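Just so we're aligned, residue 1 is where the sequence shown starts under the UniProt record's numbering, counting upward by one. The structure appears right after this line, and notes come after that.
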Amino acid sequence: MSDTPDILRLDRVGVGLRTPGGTADLLRNVSFSVARGEIVALAGESGSGKSTALLAVLRLLAPGAQVSGSILVDGKDIAPLRGRELRAFRSRTARMVFQDPWRALHPMHSIGRQLTESARAADPTLSKEAARTLAGDMLARVGIPDPGTRLRSYPHEVSGGQLQRIVIAMALVASPSLLLCDEPTTALDVTTQAQILELLQELNRDLGITVVLATHDLDVIADIADRLVVMYAGSVAEEGPTGQVMARPEHPYTRSLLQAAPGRRPGERLRAIAGRPPSPLEVIEGCPFAARCEHRTSICATAPNTTVPIAGEPGRRSACVRVTAGTAPPSAERRSG
1 MSDTPDILRL DRVGVGLRTP GGTADLLRNV SFSVARGEIV ALAGESGSGK STALLAVLRL
61 LAPGAQVSGS ILVDGKDIAP LRGRELRAFR SRTARMVFQD PWRALHPMHS IGRQLTESAR
121 AADPTLSKEA ARTLAGDMLA RVGIPDPGTR LRSYPHEVSG GQLQRIVIAM ALVASPSLLL
181 CDEPTTALDV TTQAQILELL QELNRDLGIT VVLATHDLDV IADIADRLVV MYAGSVAEEG
241 PTGQVMARPE HPYTRSLLQA APGRRPGERL RAIAGRPPSP LEVIEGCPFA ARCEHRTSIC
301 ATAPNTTVPI AGEPGRRSAC VRVTAGTAPP SAERRSG
C-alpha cells in the first residue's frame, strides 16, 4: 500500500441481491484500497464483480441490493449519505465513465446543454455563461477539436471515440477527485482505445485525479495501471503493483488469466481456463477458484476467502492459502514449469 492517504477503501464489502432463485452474492468479502493519485485496475472475467464494486462506490446498485461491510471515500463512510449529500457526492467527489457513452448522454439534448447542466449541478453558483465556458474548456482539455462547434452538436453527430471523450469531459466539469471507469474502451477500435487510455493517464498526471479502471483487457492493465486488483467470483484473488503481479502471479487464477490472454506469449497456444466460475447463487465454502484449480489441495475447501500479505513482497496480497501458508507459491511453480 502507498503511504499516501487512501482516497478509497473497501473493507469486507458484500453485495447480495434477492432473486426468485435465492440471494445472488455479487460481491463476497471484498477489501482493497486506492491511494490518492493512483491508477488502479480491477481485472477479471465477466461476472467477477469489478463493475459491481464501482457501482457500490457510487451507491448505484439495483434497488433492494443488500450491502455489508464499509466503503470509505476520503475517509467518510458513504452508507449514511442521503438526498442532497448523496447527490453532491456523485456530482463533485466521484464520477463514473461507463462502457457505453451513448447511455450517458441524452440523444435529444445538445452536448453543450448536457455539459453545462453537469457543471451547474456540481456548482450551483455558476452562471449559464460561466458553465458553458467551463464546458468548452473541458472539451478542449480532453482533445475535442473546435469545442465551440461541438457544444452545439448532438450525440448522434459524434463518433464513438469522441463521444467517450465528451463523457469524460462531463465528469471533469465537476473537478472530481475520483474517476471510476467501467470498461471505457471496450466498444472502441484499437487506435481509439490507446488514445482514451493516454487521456486517462494525462488527467491522472496533470490534474491529480485518482482513477479506478475496471477491465478484462490485460493489455490495458499493463499500459496504464500502477496497481492491479484481480477479482474472481465476486472476491479479490490477488493485488499488488501491476508489473509484479503480471510477472509473478501469486494466485492460480491470475496465472490462468494471463495464460489465457491472446498475444502475451507469441508462438504458444492459448490455455483456456477449465470449468466455469461459480454462480452468484451458489454458497461457496473455501476458495471460490478451487473447483477449477489444478493445484488445489484439501485445505482449499476450508480456506478463508480473504487476501493476506505475501511474505517478502511489500504491497502484495493473495487469497491463495498455499501462498499464504508458504507452500509452493504459484509463481515458483510457473517459473519451474
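For each residue, glycine too, the CB sits at the ideal point set by N, CA and C. All figures in this text were calculated on a predicted structure; none of them were measured in a lab.
Secondary structure of residue i, DSSP reduced to three states
i           : result
Glu129      : helix
Phe98       : coil
Asp189      : coil
Glu198      : helix
Asp74       : coil
Ala88       : helix
Thr306      : coil
Val57       : helix
Ser118      : helix
Val236      : strand
Ile7        : strand
Ser2        : Confidence is the limiting factor: at Ser2 the pLDDT is only 43, short of 50, which leaves the residue's position unreliable, though a coordinate-based value still follows. Coil at Ser2, not helix or strand.
residue 372 : The structure shown has nothing for residue 372, since the chain only spans 1 to 337.
Ala35       : strand
Arg255      : helix
Leu134      : helix
Met108      : coil
Gly49       : coil
Val173      : coil
Arg205      : helix
Val283      : coil
Leu81       : coil
Rounded separation between residue i and residue j - CA only
i      : j      : result
Ser256 : Ser48  : 14 Å
Thr191 : Ala272 : 27 Å
Arg12  : Gly136 : 41 Å
Glu239 : Gly75  : 21 Å
Pro330 : Val323 : Annotation note: pLDDT 48 at Pro330 (below 50); position unreliable, coordinate value reported separately. Cα to Cα, the separation comes out at about 7 Å.
Glu198 : Asp25  : 35 Å
Gly64  : Pro145 : 43 Å
Ala274 : Ala261 : 14 Å
Gln259 : Leu270 : 6 Å
Pro80  : Ser298 : 42 Å
Ala131 : Glu38  : 29 Å
Glu183 : Arg296 : 31 Å
Cys320 : Val308 : 9 Å
Ala237 : Ala56  : 19 Å
Arg205 : Ile196 : 14 Å
Ser118 : Ala311 : 47 Å
His109 : Leu151 : 11 Å
Asp123 : Glu129 : 13 Å
Pro107 : Pro155 : 6 Å
Close beta carbons around residue i, own chain, < 7 Å, minus the five adjacent residues each side
i      : result
Ala62  : Leu17
Ile221 : Ala41, Ala43, Thr215, Leu228 and Thr242
Gly208 : Gly37
Phe32  : Leu10, Val229, Val236 and Glu239
Residues bridged to residue i (per DSSP)
i      : result
Leu178 : Ala94 and Thr210
Ala43  : Thr215 and Val230
Pro241 : Arg227
Asp123 : Bridge partners of Asp123: none, in fact.
Gln66  : Gly16
Asp146 : DSSP, once it has assigned bridges, lists no residue as partnering Asp146.
Val321 : Answer by DSSP bridge pairing: none, since Val321 is not bridged.
Ser159 : Per DSSP, none; premise fails for Ser159.
Ala24  : Leu17
Val220 : Paired residue(s): none; Val220 is not in a bridge.
Val30  : Val13
Other residues of its chain near residue i: CB distance less than 6 Å, five sequence neighbours each side excluded
i      : result
Pro101 : Leu163, Gln164 and Val167
Cys181 : Val97 and Leu213
Ser235 : Arg28, Pro288 and Asn305
Ser336 : Confidence at Ser336 is low in this model, with a pLDDT of 38, below 50, so its placement is unreliable and no value can be given for it.
Leu172 : Met138
Gly286 : Cys300, Ala301, Thr302 and Ala303
Ser153 : Ile111
Under 9 Å between C-beta atoms of residue i and residue j
i      : j      : result
Pro252 : Glu294 : yes
Leu10  : Gly83  : no
Ala194 : Asp217 : no
Thr186 : Gln99  : yes
Ile7   : Ser177 : yes
Ala169 : Leu105 : no
Gln201 : Arg316 : no
Gly143 : Asp189 : no
Arg90  : Arg59  : yes
Same chain, Cβ closer than 8 Å to residue i, neighbours up to 5 away in sequence not counted
i      : result
Pro278 : Ala233, Ile284, Pro288 and Ala291
Thr52  : Val15, Leu26, Leu27, Leu61 and Gly234
Thr19  : Leu281
Val30  : Leu10, Arg12, Val13, Gly14, Gly49, Ala53, Gly69, Met231, Gly234, Ser235 and Val236
Gly21  : Leu281
Leu126 : Ala119, Arg120 and Leu134
Min CB distance residue i to chain C below 9 Å
i    : result
Arg9 : Chain labels in this structure do not include chain C; a single protein chain is all it has.
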